[in-house]
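S.K.:
Chains as they are written, first to last, in this note's numbering: chain F, 2 to 141; chain L, 1030 to 1408.
1. Name the chain F residues whose beta carbon is nearer than 8 Å to that of residue 1357(L)?
2. Does chain L have any CB closer than 8 Å to the CB of residue 48(F)?
3. Who pairs with residue 1085(L) in a beta bridge, going by DSSP?
4. In angstroms with no decimal places, state the Cα-to-Cα distance between residue 1148(L) and residue 1116(L).
5. Which value, in whole angstroms, describes the spacing of the CA atoms of residue 1162(L) and residue 1303(L)?
6. Could you tell me the boundaries of the alpha helix (DSSP H) in which residue 1284(L) lies?
7. Is residue 138(F) buried or exposed, if buried means 16 or more other CB atoms sit within 10 Å of its CB?
8. Determine, using beta carbons only, whether residue 1417(L) and residue 1354(L) come nearer to each other than 8 Å.
9. Does the beta carbon of residue 90(F) sit closer than 8 Å to a beta carbon anywhere in chain L?
10. At a CB-CB cut-off below 9 Å, which residues of chain F make contact with residue 1277(L)?
11. Cβ of residue 1396(L) within 7 Å of any heavy atom in the ligand ZN?
12. Taking Cβ-Cβ distances shorter than 9 Å, what residues in chain L pair up with residue 33(F)?
13. Straight-line CA distance for residue 1344(L) to residue 36(F)?
14. Spatial neighbours of residue 74(F) within its chain, please: CB distance less than 6 Å, with the 5 preceding and 5 following residues excluded, ordered by chain position.
15. Can you pull out the residues from the stretch 61-81 of chain F whose beta carbon lies closer than 9 Å to at least one beta carbon of chain L?
16. According to DSSP, is residue 141(F) helix, strand or coil?
17. So the alpha helix (DSSP H) residue 1218(L) belongs to, where does it begin and stop?
18. What three-state label does DSSP hand residue 1060(L) in the structure shown?
19. Checking contacts by CB at 8 Å: is residue 1378(L) closer than that to chain F?
20. Answer with yes or no whether the minimum CB distance from residue 1142(L) to chain F is below 8 Å.
21. What three-state label does DSSP hand residue 133(F) in the structure shown?
22. Any beta carbon from chain F within less than 8 Å of residue 1257(L)'s own beta carbon?
23. I want to see whether chain F comes within less than 8 Å of residue 1139(L), judged by CB atoms only; does it?
24. Mind listing which residues of the stretch 1197-1225 of chain L have their C-beta closer than 9 Å to chain F's C-betas, in chain order?
25. Within its chain, find whatever has a CB closer than 8 Å to the CB of residue 1089(L); leave out the 5 residues flanking it on each side and keep chain order.
26. With a 10 Å radius around its C-beta and 16 neighbouring C-beta atoms as the bar for buried, classify residue 1120(L) as buried or exposed.
27. Measure the C-alpha to C-alpha separation of residue 1229(L) and residue 31(F) and round it to an integer number of angstroms.
28. In terms of alpha-carbon separation, which member of 1214(L), 1052(L), 1267(L) and 1207(L) lies closest to residue 1297(L)?
29. Closer than 7 Å, Cβ to Cβ, to anything on chain F: give me those residues from the stretch 1081-1103 of chain L, in chain order.
30. According to the neighbour-count rule (16 or more other Cβ atoms, all chains shown, within 10 Å of its Cβ), is residue 1075(L) buried or exposed?
31. Between the C-alpha atoms of residue 1309(L) and residue 1157(L), what's the straight-line distance to the nearest angstrom?
32. State the beta-bridge partners of residue 62(F) as determined by DSSP.
33. Check each candidate in 1390(L), 1255(L), 1365(L) and 1400(L) and name the one with the smallest Cα separation from residue 1078(L).
34. Which two residues bound the contiguous alpha helix (DSSP H) that contains residue 1320(L)?
35. Applying a beta-carbon distance threshold of less than 7 Å, which residues of chain F neighbour residue 1408(L)?
36. To which residues of the same chain is residue 1085(L) closer than 6 Å at the C-beta, ignoring the five residues directly before and after it?
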C-alpha cells in the first residue's frame, strides 16, 4: 500500500518539465498536486499526476533565481499551486495563466517558506528570503 | 490564458472609468451570507450572466505546515488535526499514515478498523453540515435545522467513542489513543440507526423538493472532461461521472470492508447534492460493517526512535475529496517538511469553471455545492 501511495518519483531537468508534463496529459493523467520543498540553494518541486489509483511525480530541482516555466498551458488548474509556490517559496515561475502577481497570501513576511541562505538575500529586497522558520527563532 | 480569461483579468484590473464601457465586475465575498469562511471572487458579468471569475484566497493563512520544523514528529499530529474543524480526525490520521509509512510501522488491526469508523463518522457529520448550510442558503430553514439536529446525534457518537465532538484527538502515530469497548460501539450503532433513518427522510425531502430541484438542476454544470482536466476531486469529480475515490487505495480497513464508489453523471449542483446524500447512506453501512467485523487486540504500537531520512506520501478520501499528505524527514525528531494538498484547494479551478455561463443569482449555490473549506485550503 505504501508504494501505491508514494508512486514513482522521477527526477527531471527543468528543460524536460513541459515535454514530460505534456506527454502525461496526452496519456490521460490528471494533475494531483504540485509540491515544493525549500532548500538552502533553491527549491525542489514535485509535480504529481494520477491515473486511476497510480501516482507518478516529476521532480525538478530549481536553483535560486532560476526561472521555471509554468505548466498552466497544459494543466490550467495548476495556477493556484504555482501562485502559492511563488509567494511562499520565492520560486520564479514564469507565464502563469492566471497570475495573481504575488497576492495569494498577503502575509507580513514575504516568501515565508523559503530556505534560501541569508547570503542570497538582496539588501534591496529584505523580504526576498526569510529563512523560513529559522528566521522566526524561538518565537515558535 | 484563453481569450475569455484574459478578458476577465483585464476587466478586474481595469481603471474605474472603463467599467462603464464593458462587462461589470462584482466582488463576491469574502464576507457573504452563504460563506461561513472567507473566499473572494471577482465576478465578471454581462447583464446577469457570469463570464468568468477570479478567485482570491489568503485571508486566514496560518502557516501550520511550517510548524512541523519546530515540533516533535509524534506531537505534531495535534497541529495537523487542527488544520480543519470538520475533517480534523482525517487530517491527524493522514499525517500519521504518512509518518507510519516513513517509519515502516504497521499499526494494529483494531486501530485500522477504528480509524475507518471515525473517518466515516466524520464524513456523515460533514455532509450533514453541508446539507444544513445548503438548505439555509436556499431559504429552506426547517431543513437546515433538521439536518443540524440530526448531526448532533452523530457528534454525540463521536464524543462517546473518541472523547471529542470537533477535535477527536484519537489519532496518534502508531494507531489510535482511544479504544471504545465493543459494547459502546454496538450502542453507538443503535444510535446511528436512528440518525440513518432521519437522514434518509431528510435526503428525500431535499432532493424531491420542487424548489430545491429548480435551484439545483442544470445549474453549475461541469463536464467530466473539464472536471478531470482541472484536477477536481471528491463529490465534485464523481458528480461529473468520474469514478475516483481514494478509499479504493485500501488504506485503514477499506481494503477488507469494501465500498462502492458513488457516481452521478449530470455534473450539475443537483448531482453533487445526490452524491453526498448517497455517500451518507453508504457511510452508515460502512460503520455497521466495521463494528460487526472489528477485531480484538491492542490499538497502538509505540513509535520508537527517530524517523529515518526519507519522504512519504499518504492519500485519503475526505468528505470533500482526495487529500494528499507529504512528509520529509532529515533523520531528526523534527520533520523537514509537511505538506497537505486539500480537496478544496484542488477544486477551486473547477469551481471557477462551473460558474462560467451561470447567472449571478446561482453563484452562491454553485459555491456551496463544492462545499468549500477555506480553513483546510489555507492551512
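A virtual CB, placed ideally from N, CA and C, is assigned to each residue, including glycine.
M.R.: In this structure, then:
1. The residue labelled residue 1357(L) in the question sits at position 328 within the second chain. The contacting residues are 38.
2. Here residue 48(F) is taken as the residue at index 47 of the first chain, counted from 1. Taking Cβ atoms only, chain L never reaches closer than 8 Å to residue 48(F), which makes this a no.
3. Your numbering for residue 1085(L) matches position 56 in the second chain. When DSSP reads this structure, residue 1085(L) sits in a beta bridge with 1069(L).
4. By 1-based counting over the second chain, the position of residue 1148(L) is 119. By 1-based counting over the second chain, the position of residue 1116(L) is 87. Taken atom to atom, the span from the alpha-carbon of residue 1148(L) to that of residue 1116(L) is near 8 Å.
5. In the second chain, counting from the first residue as 1, residue 1162(L) sits at position 133. In the second chain, counting from the first residue as 1, residue 1303(L) sits at position 274. In a straight line, the C-alpha of residue 1162(L) is about 15 Å away from that of residue 1303(L).
6. The sequence position of residue 1284(L) within the second chain is 255, counting from 1. Per DSSP, residue 1284(L) belongs to the alpha helix (DSSP H) from 1283-1286.
7. Translated into positions along the first chain, residue 138(F) becomes position 137. Because residue 138(F) sits at a pLDDT of 35, beneath the cut-off of 50, its placement in the model cannot be relied upon, and the point is left open.
8. In the structure as shown, chain L begins at 1030 and stops at 1408. Residue 1417(L) is therefore absent and cannot be evaluated.
9. Position 89 of the first chain, counted from the start, is the residue given in the question as residue 90(F). For residue 90(F), the answer is no, since every Cβ of chain L falls outside 8 Å of its Cβ.
10. Walking along the second chain from the start, residue 1277(L) turns up at place 248. In chain order: 53 and 54.
11. Because no ligand of any kind appears in the structure shown, any question about the ligand ZN cannot be addressed here.
12. Counting from 1 along the first chain, the entry for residue 33(F) is found at position 32. Going along chain L in sequence order, the residues near residue 33(F) (Cβ under 9 Å) are 1260, 1262, 1344, 1351, 1353, 1370 and 1375.
13. By 1-based counting over the second chain, the position of residue 1344(L) is 315. By 1-based counting over the first chain, the position of residue 36(F) is 35. Rounded to the nearest angstrom, the two C-alpha atoms are 14 Å apart.
14. As a position in the first chain, residue 74(F) is number 73, starting the count at 1. Short of 6 Å from the beta carbon of residue 74(F), and not among the five residues preceding or following it, lies no beta carbon of its own chain.
15. Of all residues in the stretch 61-81 of chain F, 73, 74, 76, 77, 78, 79, 80 and 81 have a Cβ within less than 9 Å of some Cβ in chain L.
16. Sequence index remark: in the first chain, residue 141(F) carries index 140 (1-based). With a pLDDT of only 32 at residue 141(F), under 50, the local geometry of the prediction cannot be trusted, and the value read off the model is given with reservation. Coil.
17. Within the second chain, numbered from 1, the residue matching residue 1218(L) stands at position 189. For residue 1218(L), the enclosing alpha helix (DSSP H) covers residues 1211-1237.
18. Sequence index remark: in the second chain, residue 1060(L) carries index 31 (1-based). In this structure, DSSP gives residue 1060(L) a state outside helix and strand, which the three-state scheme calls coil.
19. The residue labelled residue 1378(L) in the question sits at position 349 within the second chain. At least one C-beta of chain F is nearer than 8 Å to the C-beta of residue 1378(L).
20. Position 113 of the second chain, counted from the first residue, corresponds to residue 1142(L). Taking CB atoms only, residue 1142(L) has no neighbour in chain F less than 8 Å away.
21. Counting from one through the first chain, the residue named residue 133(F) turns up at place 132. Here residue 133(F) scores only 41 on pLDDT, less than 50, and its place in the model should not be relied on; the value that follows carries that caveat. Helix, per DSSP.
22. Walking along the second chain from the start, residue 1257(L) turns up at place 228. By this cut-off, residue 1257(L) is an interface position.
23. Stepping through the second chain from its first residue, residue 1139(L) is reached at position 110. Cβ-Cβ to chain F under 8 Å: no for residue 1139(L).
24. Listed by position along the chain: nothing, the set is empty.
25. The residue you call residue 1089(L) lines up with position 60 of the second chain. Scanning its chain for C-beta atoms nearer than 8 Å, with the 5 sequence neighbours on each side dropped, one finds around residue 1089(L) the residues 1066, 1067, 1403, 1404 and 1407, in chain order.
26. To locate residue 1120(L), count along the second chain from 1; it is residue 91. Using a 10 angstroms sphere on the CB of residue 1120(L), the tally of other CB atoms reaches 16 or more, which defines it as buried.
27. As a position in the second chain, residue 1229(L) is number 200, starting the count at 1. As a position in the first chain, residue 31(F) is number 30, starting the count at 1. Those two C-alpha atoms are separated by around 34 Å.
28. For the purposes of this step, residue 1297(L) is identified with residue 268 of the second chain, where counting begins at 1. That would be 1267(L), whose Cα lies nearest to the Cα of residue 1297(L).
29. Residues 1086, 1087, 1090, 1092, 1095, 1096, 1098 and 1099.
30. In the second chain, residue 1075(L) corresponds to position 46, counting from 1. By the neighbour-count definition (other C-beta atoms within 10 Å, threshold 16), residue 1075(L) is an exposed residue.
31. For the purposes of this step, residue 1309(L) is identified with residue 280 of the second chain, where counting begins at 1. For the purposes of this step, residue 1157(L) is identified with residue 128 of the second chain, where counting begins at 1. The straight-line gap from Cα to Cα measures roughly 8 Å.
32. Along the first chain, one-based indexing puts residue 62(F) at 61. DSSP lists 45(F) as partners of residue 62(F).
33. Working through the second chain from its first residue, we reach residue 1078(L) at position 49. Residue 1390(L) is the option with its Cα nearest to residue 1078(L).
34. As a first step, residue 1320(L) must be located in the second chain, where it is residue number 291. Start and end: 1298-1322.
35. Here residue 1408(L) refers to the residue found at position 379 of the second chain. The premise fails here: residue 1408(L) is roughly 10 Å from chain F at the closest Cβ pair, so nothing lies under 7 Å.
36. Numbered from its first residue, the second chain carries residue 1085(L) at position 56. Closer than 6 Å at the Cβ level, and outside the excluded window around residue 1085(L), lie 1069.
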